[in-house]
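Participant: Going letter by letter, the sequence shown gives residues 1393 to 1450 in my numbering.
Think of the CB as a built atom: it goes at the ideal place given N, C-alpha and C, for glycine as much as any other residue.
Quantities reported herein were computed from a predicted structural model and do not represent experimental measurements.
Structure incoming, see below.
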Amino acid sequence: MLNAYRVLLTRARACMVICVLAGNANKTPTGFWEDSTRLPEYYDGTYQYFKSLGIEEI
1393 MLNAYRVLLT RARACMVICV LAGNANKTPT GFWEDSTRLP EYYDGTYQYF
1443 KSLGIEEI
């Protein structure tokens, strides 16, 4: 699957949209995360890295 992403990224010549999800920090009434795979901490580093490269947010 990793190679499929590499192929997609090398094919984009005119423009590219990179989507970094905001995550889901909501908890259930019992105190568990609604979706533990979408915690904002997982995405914040990637988002900040792209911003440091000068990638424009739309």
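For residue 1410, collect the residues of the same chain with a Cβ closer than 8 angstroms to its Cβ; drop the 5 residues on either side in sequence, then sort them by chain order.
Facilitator: In the sequence shown, the residue the question calls residue 1410 occupies position 18. Within the same chain, residue 1410 has close Cβ partners 1442 and 1447.
Participant: From which residue to which residue does the alpha helix (DSSP H) around residue 1426 run?
Facilitator: Taking the sequence shown and counting its residues from 1, the one referred to as residue 1426 is at position 34. Counting along the chain, residue 1426 falls outside any alpha helix (DSSP H), and DSSP gives it neither H nor E.
Participant: Is the distance from the Cβ of residue 1412 to the Cβ of residue 1434 below 7 angstroms?
Facilitator: For the purposes of this step, residue 1412 is taken as the residue at position 20 of the sequence shown. For the purposes of this step, residue 1434 is taken as the residue at position 42 of the sequence shown. No, the Cβ-Cβ distance between residue 1412 and residue 1434 is not below 7 angstroms.
Participant: Go through its chain and collect everything with a Cβ distance to residue 1418's Cβ below 7 angstroms, but skip five positions before and after it.
Facilitator: Within the sequence shown, residue 1418 is the residue found at index 26, counting from 1. Excluding sequence neighbours, residue 1418 sits near 1426.
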